[in-house]
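So the structure is just underneath, and the comments pick up after that.
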Amino acid sequence: MTVTALKGFKDILPDEVHVWQRIERIARDIFHRFGFAEIKVPVLEKTELFVRSIGEATDIVEKEMYTFVDRNGASVTMRPEGTASVLRAFIEHGLHAKQPVNRLYTIGPMFRHERPQKGRLRQFHQLSVEVVGTDKPSVDAELMAMAWLLLQELGLSVSLQINSLGCPQCRPVFKEKLVGFLEGLGSGLCADCERRRHTNPLRVLDCKSEHCQQHYRQAPVILEHLCAGCADHFRATTDGLVSLGIPYAVNAFMVRGLDYYTRTTFELLTDALGAQSAVGAGGRYDGLVQQLGGPDLPGIGFAMGVERLVLLSSQQEAVASGNEPELFLVALGEAALATGLRLVHGLRSCGLRVAMDHEGRSLKSQMKQADKLRARRTLIIGDNELAAGAGLLKDMLVGSQETLPLPGEVAAWSAALASRFRQEQ
Ligand code: ATP
Ligand code: MG
0 MTVTALKGFK DILPDEVHVW QRIERIARDI FHRFGFAEIK VPVLEKTELF
50 VRSIGEATDI VEKEMYTFVD RNGASVTMRP EGTASVLRAF IEHGLHAKQP
100 VNRLYTIGPM FRHERPQKGR LRQFHQLSVE VVGTDKPSVD AELMAMAWLL
150 LQELGLSVSL QINSLGCPQC RPVFKEKLVG FLEGLGSGLC ADCERRRHTN
200 PLRVLDCKSE HCQQHYRQAP VILEHLCAGC ADHFRATTDG LVSLGIPYAV
250 NAFMVRGLDY YTRTTFELLT DALGAQSAVG AGGRYDGLVQ QLGGPDLPGI
300 GFAMGVERLV LLSSQQEAVA SGNEPELFLV ALGEAALATG LRLVHGLRSC
350 GLRVAMDHEG RSLKSQMKQA DKLRARRTLI IGDNELAAGA GLLKDMLVGS
400 QETLPLPGEV AAWSAALASR FRQEQ
């Protein structure tokens with residue numbers, strides 16, 4: 000019996016990895032344009048970190064975490080999201096002492112024990128960004144504009160929904176009203192909502208059941224219960240979006256699945272992935288750094304799901320990987336193979352992507368390989384060519400061919416060829 004991968008854990012095979020690389024390349028480029036620096040943090044953390052940040056009565060902590068006992072008896076968890084780990088590192092290394100506002104991003108795998116579906120895995124990947132040290136609403140708008148630009152440059156169309164969840168001053172008042180409303184509903188809610196109306200009442204509003212949602216149509220609306228500070232902040236955030244030309248819709252029922260959010264929350268949604276409609280989501284977490292034992296600094300962040308970006312990208316026209324060989328060297332016969340290996344190494348040393356066949360296959364079969372790899376050019380060397388001191392260079396894109404003198408000295412020849420190919424791109 001062969002051993003297979005775990006359910007919900009997916010291999011990313013060579014023929015799709017270029018879509019991943021393109022997404023990461025464009026994301027990094029945009030993050031750098033907006034002044035973000037990369038941070039890499041461990042995938043395994045003390046369980047307490049996530050319980051204290053994400054919140055005990057959330058889906059993630061209640062039923063989705065990969066938690067186990069380490070060999071020393073400590074409870075550890077495979078990170079289900081990035082913010083908690085990044086803030087833990089931020090506090091542990093006193094990054095706030097180096098500059099007042101820190102802009103950080105991280106890219107990597109997250110782990111949640113969910114029911115695997117298209118676009119929903121147990122190991123998935125996030126592009127995750129954080130701004131720590133400012134509560135200015137213009138930063139909220141700037142961050143959403145960055146997410147928007149990223150999706151635009153990826154060629155993906157999504158919609159932006161925003162809401163405000165208020166702050167520790169105004170949210171309790173709203174929560175009390177909501178609890179009162181939920182009590183008035185009697186029975187008839189789904190099992191999750193039944194439980195949550197006691198443990199985490201705000202979360203019921205996020206229920207996916209149409210039946211529950213019908214009950215909540217008359218529920219109090221958080222945006223009507225914001226204190227003056229939060230209302231001003233929300234207005235300034237939406238003004239910022241308008242001035243940057245970012246289209247958005249207000250969704251007063253969005254509450255998000257993590258407890259740490261305050262004020263601005265947002266989601267980037269698509270209708271092209273069935274039930275997995277969220278491509279990205281984020282929000283403000285003004286009390287969280289302090290709650291984790293750090294200084295009282297506000298923050299805001301978002302995360303995008305790479306698998307969902309990949310699925311959306313794959314629905315578009317096939318994109319060239321950009322990793323295709325610039326040259327495929329076709330060597331025919333023992334002597335040509337020996338020369339070919341030297342030439343290929345010289346060209347690769349000069350920065351060219353070069354492929355060749357080591358098996359001594361026929362001309363026809365090697366040309367087929369070159370086609371399959373979408374090589375831009377081929378260089379054919381056989382015994383006749385070797386004797387004449389020149390190979391046959393074919394440009395597969397333009398369709399032209401020429402005889403190319405073979406070198407006595409490989410390095411200079413390779414450098415000249417590399418610079419010629421660069422000009423032809
Ligand atoms: P959903 O409503 O789809 O469960 P979420 O609110 O749990 O999403 P977040 O915790 O905000 O998601 O994570 C941010 C993004 O990470 C999501 O918008 C989504 O694109 C992606 N994501 C979350 N969970 C998964 C998963 N199990 N598999 C693949 N991508 C995921
Ligand atoms: Mg979820």
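Residue numbers (this note's numbering): 0 to 424.
For glycine and all other residues, C-beta sits at the position ideal for the given N, C-alpha and C.
Contact between Met355 and Phe327 holds, since their C-beta atoms are separated by about 7 Å, short of 8 Å. Closer than 7 Å to some heavy atom of the ligand ATP: that describes the Cβ of Met303.
Asp205 and Glu325 have their C-alpha atoms spaced approximately 51 Å apart. Glu44 is not a Cβ neighbour of Arg111, given a cutoff of 8 Å. Only buried fits Ile221, as 16 or more other CB atoms lie within 10 angstroms of its CB. Per the C-alpha coordinates, the member of Leu268, Phe67, His92 positioned closest to Ala146 is Leu268. Short of 8 Å from the beta carbon of Val353, and not among the five residues preceding or following it, lie these beta carbons of its own chain, in chain order: Pro324, Glu325, Leu326, Phe327, Leu328, Val343, Leu346, Arg347. The three-state reading of DSSP puts Gln424 in coil, since its state is none of H, G, I, E or B. With fewer than 16 other Cβ atoms inside 10 Å of its own Cβ, Val249 counts as exposed.
Excluding sequence positions up to five before and after Pro115, its CB lies within less than 7 Å of the CB of Lys6, Gly7, Arg121, all in the same chain and listed in chain order. By a beta-carbon distance limit of 8 Å, Ala83 contacts Ser52. Their separation comes to about 4 Å.
The alpha-carbon separation between Leu225 and Cys169 amounts to approximately 6 Å. Around the beta carbon of Ile379, 16 or more other beta carbons lie within 10 angstroms, which makes this residue buried. Placement of the Cβ of Val85 at a distance of 7 Å or more from every heavy atom of the ligand ATP is found. Beta-bridge annotation (DSSP): Val42 is not paired with any residue. Within its own chain, the residues whose Cβ lies closer than 6 Å to the Cβ of His214, once the five positions on either side in sequence are excluded, are Leu184, listed in chain order. Between the alpha carbons of Thr198 and Ala56 lies a gap of roughly 6 Å. Cβ neighbours of Arg119 within its own chain (closer than 7 Å, five residues either side excluded): Glu113, Gln275. For the 8 Å CB-CB criterion, Val203 and Cys192 form a contact. Going by beta carbons, Asn322 and His17 fall inside the 8 Å limit.
With distances taken between CA atoms, Asn162 lies nearest to Ala235 out of Ala235, Arg373, Trp19. Look at the beta carbons and you see the region 257-265 touching the region 275-290: at least three pairs across the two are nearer than 8 Å. Going by beta carbons, Leu181 and Arg196 fall inside the 8 Å limit. Listed in chain order, the non-local C-beta contacts of Ala334 below 7 Å within the same chain comprise Asp382, Leu385, local neighbours out to five positions each way being set aside. Within 7 Å of the C-beta of Gly256 there is at least one heavy atom belonging to the ligand MG. Per the DSSP secondary-structure output, Tyr104 pairs in a beta bridge with Glu37, Val128. Judged by the Cβ position, Asp191 fails to qualify as a neighbour of the ligand MG at the 7 Å threshold, every heavy atom of the ligand being at least this far.
As DSSP reads the structure, Lys393 sits in a beta bridge with Thr377, Gln400.
Take the alpha-carbon of Asp238 and the one of Gln160: they are about 15 Å apart. If you draw a straight line from the Cα of Gln217 to the Cα of Pro99, it comes to about 43 Å.
Boundaries around Phe265 are those of the beta strand (DSSP E), 261-268, since no alpha helix (DSSP H) includes it. For Gly239, the secondary structure class from DSSP, reduced to helix, strand or coil, is helix. Boundaries of the beta strand (DSSP E) harbouring Gly300: 298-304, taken from the DSSP string.
Contact check for Leu403 against Gly390 passes: the beta carbons are separated by less than 8 Å. DSSP places Ser276 outside both helix and strand once states are collapsed to three, so it counts as coil. From the listed residues Arg32, His92, Cys229, Leu257, the smallest Cα separation to Glu61 is found for Leu257.
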